[in-house]
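For reference, the structure is listed below as C-alpha cells.
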Amino acid sequence: MKAVLMTAAGSPDVLKVQEITNPGVPVGDTELLVRLVAAGINPIDTKLRQRGTFYPEQMPAVLGCDGAGVVEAVGAGVQRFRPGDAVYFCYGGLGAHQGNYAEFTVVDERFVAHKPNSISFAEAAAAPLVLITAWEALYERGRLEPKDNVLIHAGAGGVGHVAIQLAKLKGANVATTVSSQDKANFVKELGADEVIFYKQTDFVQAALDWTNGEGVDLAFDTVGGETFGKTFPAVRIYGDIVSILEPDPKTVWKVARNRNLRIGLELMLTPMVQGLVESLQHHAEILEQCATWIDQGKLKIHVSHKFPLEEAAKAHQLLESGSITGKIVLLISDE
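In UniProt numbering, the protein residues as written are 1 to 335.
So this is what it looks like as C-alpha cells:
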C-alpha cells in the first residue's frame, strides 16, 4: 500500500511516498482494518517531523494521529463495528503505531467512533484531535459551567474553532482573540460573543472590560509562549487557566499565585504515549457524543485546505507558515 514515510527528522522534504506492507488480515481479536479516506494534519505532526518521533529507534515512521475511513475487516471479538462502517479516530502516528498518512491502518475498536453521517470523510478526519483536546481542556481541566465567561485564544484555529462551539454548547459566554476581520466574521458565525483583535487591542483589558473588571472564569491558551503568562491578569481570582502547550520557562507566576488561579495542562496524546486504555476509550466516547452534535447541526468542523496524500510535504509547509483558519487534511482515497 502507499504511505507517506518520515525517513528522518528534518524539513518537510523528509516525507516521502513509498510502498509499504499492508497491515492486512487477519487482524487482532478486537481490531479493525480501516481503509483510510482522509487523514488530518496537526501541529504535533510537524513537531515530530522536525525533532523526531517519541520512538526514534523505530524508523522510518508514518505520521498522522487523525484518521477517517471505512472498516474493511474486523477481528473475531469485535462487537461495535462491521465491514462497511464509516469511522473516525485519533490513534497512531507518534512512532510506535503506524499513523494515518497511509491507505490502510489497523486500530482497536475501543479507540474508534462512528463517523458523523452528515459530514465528509475530510471533515471527519480533521476533527478527532481538536475535539478531544478542546473537550478535555474546557470540560475536564477547566471545569467549565453554564454561564461561565471563557476567553479562548486563537478562536479561528484548529482547536480554537471547536472550543468556541463546545463552550457555547455548555451554555458559556465566549470571548476570543483573532488577528483579522475575516477571522472575526468566522468566529462570530461559530457563536463567539466577544471578539478581540489582539494585534490592535490589549486582550487583558478587553477581557476585564467584558467582565466588568472581574476577569474571566476560564482562559484557554492555545497559543503558548508569552501568551500564557500574559493571560493571568485576565482571569478572575480563583479562576482557571488551561494551556495545551508547555509554559514558557520565563513565565512569571506571581500574578497567578496572587489571584489563586488553578492551572490546568492539557495534552490529549498522553493516553496514547502511556498506553492508558481506559482514557483512549474515553476519547472514543467523546467522539461519539461529538458525532451526535455534528449530525444535529450543533457542531461544525472547518477544513480550509485539502491535499492529496502525495503532497503531504506541502501540507506541512502550509501549516508551518502559520495563521491557518480551521484544519488541513490529506485526501487518500475516494469516499
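All residues carry an ideal CB built from backbone N, CA and C; glycine is no exception. Just so it is clear, the structure is predicted and the values come from calculations on it, not from any experiment.
State the Cα-Cα distance for the pair residue i and residue j, rounded to the nearest angstrom.
{"i": "G239", "j": "E136", "result": "17 Å"}
{"i": "L166", "j": "V17", "result": "36 Å"}
{"i": "residue 336", "j": "P271", "result": "This structure leaves residue 336 out entirely; the chain is present only between 1 and 335."}
{"i": "P83", "j": "R143", "result": "38 Å"}
{"i": "T30", "j": "A73", "result": "11 Å"}
{"i": "M6", "j": "D248", "result": "29 Å"}
{"i": "V107", "j": "D202", "result": "46 Å"}
{"i": "G264", "j": "A127", "result": "22 Å"}
{"i": "E140", "j": "P116", "result": "23 Å"}
{"i": "L48", "j": "A125", "result": "19 Å"}
{"i": "L131", "j": "E266", "result": "13 Å"}
{"i": "C290", "j": "A134", "result": "11 Å"}
{"i": "K327", "j": "A8", "result": "25 Å"}
{"i": "M268", "j": "T292", "result": "21 Å"}
{"i": "N100", "j": "L169", "result": "30 Å"}
{"i": "T222", "j": "H302", "result": "17 Å"}
{"i": "A315", "j": "V329", "result": "8 Å"}
{"i": "N212", "j": "R236", "result": "11 Å"}
Can residue i and residue j be called in contact, C-beta distance under 8 Å?
{"i": "V34", "j": "V71", "result": "yes"}
{"i": "K147", "j": "A172", "result": "yes"}
{"i": "E335", "j": "S120", "result": "yes"}
{"i": "C65", "j": "G95", "result": "no"}
{"i": "A156", "j": "T46", "result": "no"}
{"i": "V87", "j": "G75", "result": "no"}
{"i": "A312", "j": "D13", "result": "no"}
{"i": "I244", "j": "T231", "result": "no"}
{"i": "F81", "j": "L32", "result": "yes"}
{"i": "G225", "j": "V252", "result": "no"}
{"i": "Y198", "j": "S179", "result": "yes"}
So, at 6 Å on beta carbons, what are the nonlocal neighbours of residue i in its own chain, with the 5 sequence-adjacent residues on each side left out?
{"i": "S333", "result": "V37"}
{"i": "P308", "result": "L331"}
{"i": "Q98", "result": "V62, G92, T105"}
What residues in its chain sit with their C-beta under 8 Å from that of residue i, if we drop five residues either side in the sequence?
{"i": "A284", "result": "F89, R110, F111, V112, A113"}
{"i": "V150", "result": "L138, G142, L144, A167, A172, N173, V174, A175, V216, D217, L218, A219, F220"}
{"i": "A206", "result": "A175, E194, I196"}
{"i": "I164", "result": "I152, G155, V174, T176, V187, L190, G191, A192"}
Once you ignore the five residues that flank residue i on each side, which residues in its own chain have a CB closer than 7 Å to its CB?
{"i": "L208", "result": "G215, A234"}
Could one say the Cβ of residue i lies closer than 8 Å to chain D's Cβ atoms, at least one of them?
{"i": "E335", "result": "No chain D is present in this structure, which holds just one protein chain."}
Name, in chain order, the residues that DSSP records as bridge partners for residue i.
{"i": "H305", "result": "I328"}
Exercise. Touching or not, the segment 293 to 303 and the segment 260 to 279, by the rule of three or more beta carbon pairs under 8 Å?
Worked result: They do not touch, by the three-pair rule.
Exercise. Is the segment 319 to 328 in contact with the segment 38 to 47, if contact means three or more CB pairs nearer than 8 Å?
Worked result: Taking a contact to require three or more Cβ pairs closer than 8 Å, the segment 319 to 328 and the segment 38 to 47 qualify as touching.
Exercise. So does the segment 183 to 194 actually touch the segment 248 to 268, counting three or more Cβ pairs closer than 8 Å?
Worked result: With the cut-off at 8 Å, the segment 183 to 194 and the segment 248 to 268 do not touch.
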